[in-house]
Amino acid sequence: MEGFGQPVLLLMKQGVHRILLYTDRHDELAMAECMQELVNCYKPSSLYEGDGDVDFDDPAYQACYVFLYFPALCYGIFDSLQQFYFDMHLNMLLERVSLRRCLNVCALGGGPGTDLFGVRMFLNSRGYKDIRITATVLDRHSSWDVAFECLLASLDQQPQLSAGYLHFEASSRRVASEHLKAIAKADLITCSKFVSAIKALPNARHTLKELLSHAKPGAYIFYLENSKGGNTEFFSSVARQANFVEVATIDRGEENPYQLPRAEQSWQIKELSQLFNFSSQRNLRVKCILWRKTGQIPAVSPCSDGRSYTRFGHDSARQTVPDHHAITIPSANYQAQRKARLEALRQQQLQAHRQLSNQYITGYYPDTQRYQRPEERGRQEAESRQRRRTEVQQSRSATTCPCILL
Ligand SMILES: C[S@@+](CC[C@H](N)C(=O)[O-])C[C@H]1O[C@@H](n2cnc3c(N)ncnc32)[C@H](O)[C@@H]1O
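Okay, so the sequence shown: first residue is 1025 according to the numbering used here, each after it adds one.
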């Protein structure tokens, strides 16, 4: 809602309706079965056995996933990036991408692009709407691009966001050169709920390390995973071996999970909940970690659109990330700055919520196949009642006419 100017639940709902156009399995029974299969594959026992996947090349499963997980994960990514931002951990990254007006992202196991929408939402809300995100998604199921495009098409305003999908198998020992290229140019590598899906697979550790070793110095990893299950230990050891240092951690586990804002009203997706026989997730219990690659940071290079940004591509733009763990030393007015930023954010949120309640109290009506406001819908229903009354009166007078004549 905040970053897109429209509720994420409505974005999800319209995205799912679009994805469903790519499958003929629309009936409640078929969808409920897909949903059950999806939920089973993410059970701890399945993940432990290395069964944490379904055939996401089938849009029916994509629709189930987007319905169930997209909104909560999108907000989780957005919220944790905000937190990292307020704690001043993203300054270096934002400085660099502001110079180029472009952020290169590589999303590992990016699925429908949840990670990218979360990052987009964050950039929009921080006033970086015009910074283009060019992304490469590495995923076993490259047909996820269907869901990504459907979600993108469902945004009211087309954002500066594009993604190319590459088939990538975490359990294969060989990492293709196109994957290495995608990682090497990334300013930000996202890894949202990917480790839990692949951790138990043979070679996953080796493949991940190989991939991350090719990231450029100064590149960041945004990691988000289930708090439980040994995922963080697994990923931390791989990231360290690939010369990343931990910058900051946020723990939003059992005690303090992320929650969808109240303005994201679940009644708006009632008919989808009936179709899937499930509720869309509203809480998220995760750990988020920000990592940064050590070494000599290269000069700011142009974006891949061929535009030249040589004005900033000189040596003075070089920065070095220390090899030891990053320690943030708060400046004297750090707390005051942070408080002011948080207050500004609260005001923005308040305003956005007010706008939202005016703009988006709509419902989806299958007969008109549109989202409509109550007053528009009320007017339409009154008109159709009036039409029906007139029709009944006309048909009555048509049948009584012959009797009068007799
Ligand atoms: C839980 S989803 C996360 C998707 C997305 N990052 C998000 O946060 O919504 C896990 C992703 O990992 C992908 N995946 C599962 N097994 C994989 C494998 N062996 N190699 C590559 N990708 C895999 C799935 O296709 C899916 O997109």
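The beta-carbon is built from N, C-alpha and C at its ideal position, and this holds for glycine as well.
Discussion item. Please give the ranges of any alpha helix (DSSP H) in the segment 1039-1085, keeping only runs that are unbroken, at least 4 residues long and fully inside the region.
Written reply: 1052-1065 and 1068-1073
Practice prompt. For residue 1284, I'd like the list of residues in its chain whose CB is within less than 7 Å of its CB, leaving aside the five on either flank, ordered along the chain.
Written response: 1095, 1096, 1099 and 1306
Item to complete: Confirm, please, whether the CB-CB distance from residue 1129 to residue 1157 is below 8 Å.
Response: yes
Item to complete: Quick one: residues in its chain with C-beta nearer than 6 Å to the C-beta of residue 1113, no 5 flanking neighbours on either side, listed in chain order?
Response: 1271, 1272 and 1314
Worksheet entry | Any non-hydrogen atom of ligand 1 closer than 7 Å to residue 1079 Cβ | no
Worksheet item: Between which two residues does the beta strand (DSSP E) harbouring residue 1132 extend?
Response: 1126-1132
Fill in: Three CB pairs or more closer than 8 Å across the segment 1291-1308 and the segment 1082-1092
yes
Worksheet item: Could you give the distance in angstroms between the alpha-carbon of residue 1308 and the alpha-carbon of residue 1249?
Response: 10 Å
Item to complete: Just tell me which of 1071, 1281, 1238 and 1146 has its CA closest to the CA of residue 1226.
Response: 1071
Worksheet item: Is it buried or exposed for residue 1255, if we count other Cβ within 10 angstroms and need 16 for buried?
Response: buried
Practice prompt. Ignore the nearest five residues each way along the sequence and tell me which others in residue 1330's own chain have a CB closer than 8 Å to its CB.
Written response: The predicted model places residue 1330 with a pLDDT of 39, which falls under 50 and marks its position as unreliable; any figure quoted below should be read in that light. So no residue of the chain qualifies.
Discussion item. Just to check my reading of the structure: residue 1221 and residue 1160 have Cβ atoms closer than 8 Å, yes? What is that Cβ distance to the nearest angstrom?
Written reply: 18 Å between Cβ atoms; not a contact.
Item to complete: With a threshold of 16 other CB atoms inside 10 Å of the CB of residue 1506, please say whether the residue is buried or exposed.
Response: Residue 1506 is absent from the model: the chain starts at 1025 and stops at 1430.
Item to complete: For residue 1093, verify whether its CB is less than 7 Å away from any heavy atom of ligand 1.
Response: yes
Item to complete: Look at the Cβ atom of residue 1268, then the Cβ atom of residue 1316, and state whether they are nearer than 8 Å.
Response: yes
Fill in: Neighbourhood of residue 1150 by C-beta, 7 Å cutoff - its chain only, sequence neighbours within 5 removed
1109
Practice prompt. State the start and end residues of the unbroken beta strand (DSSP E) segment that holds residue 1157.
Written response: 1156-1163
Discussion item. Please report whether the beta-carbon of residue 1059 lies at a distance below 8 Å from any beta-carbon of chain B.
Written reply: Note that chain B does not occur in the displayed structure, where there is just one protein chain.
Worksheet item: Given residue 1288, which residues of its chain have a CB within under 7 Å of its CB, disregarding the five upstream and five downstream residues?
Response: 1025, 1031, 1032, 1033 and 1095
Worksheet item: In three-state DSSP terms, what is residue 1218?
Response: coil
Discussion item. So if DSSP puts residue 1185 in a beta bridge, which residue, or which two residues, is it bridged to?
Written reply: 1157
Worksheet item: Just to confirm, are residue 1134 and residue 1231 a CB contact at a threshold of 8 Å?
Response: no
Discussion item. Can you check which of these residues, 1279, 1229 and 1027, is closest to residue 1263 by C-alpha distance?
Written reply: 1229
Practice prompt. Determine the burial state of residue 1304: buried for a count of at least 16 other Cβ atoms within 10 Å of its Cβ, exposed for fewer.
Written response: buried
Discussion item. Below 8 Å on the Cβ atoms is my contact criterion, and I expect residue 1179 with residue 1142 to pass it. Report the Cβ-Cβ distance as a whole number of Å.
Written reply: At roughly 14 Å, the Cβ-Cβ gap does not stay under 8 Å, so residue 1179 and residue 1142 are not in contact.
Practice prompt. Determine the direct distance from the alpha carbon of residue 1403 to that of residue 974, and round the result to whole angstroms.
Written response: Here the chain has residues from 1025 to 1430 only, and residue 974 is not among them.
Worksheet item: First and last residue of the alpha helix (DSSP H) that includes residue 1144?
Response: 1138-1149
Fill in: beta-carbon residue 1315 near ligand 1 non-hydrogen atom, thresh 7 Å
no
Item to complete: Have a look at the DSSP bridge pairing and note the partners of residue 1246.
Response: 1214 and 1314
Worksheet item: Can you give the Cα-Cα distance for residue 1039 and residue 1418, rounded to whole angstroms?
Response: 44 Å
Discussion item. Would residue 1107 and residue 1245 qualify as a contact pair, given that the criterion is a beta-carbon distance under 8 Å?
Written reply: no
Worksheet entry | Contacting residues, own chain, Cβ-Cβ under 7 Å from residue 1061 (five flanking each side not counted) | 1078
Worksheet item: Where DSSP assigns a beta bridge to residue 1190, which residues make up the other side?
Response: 1162
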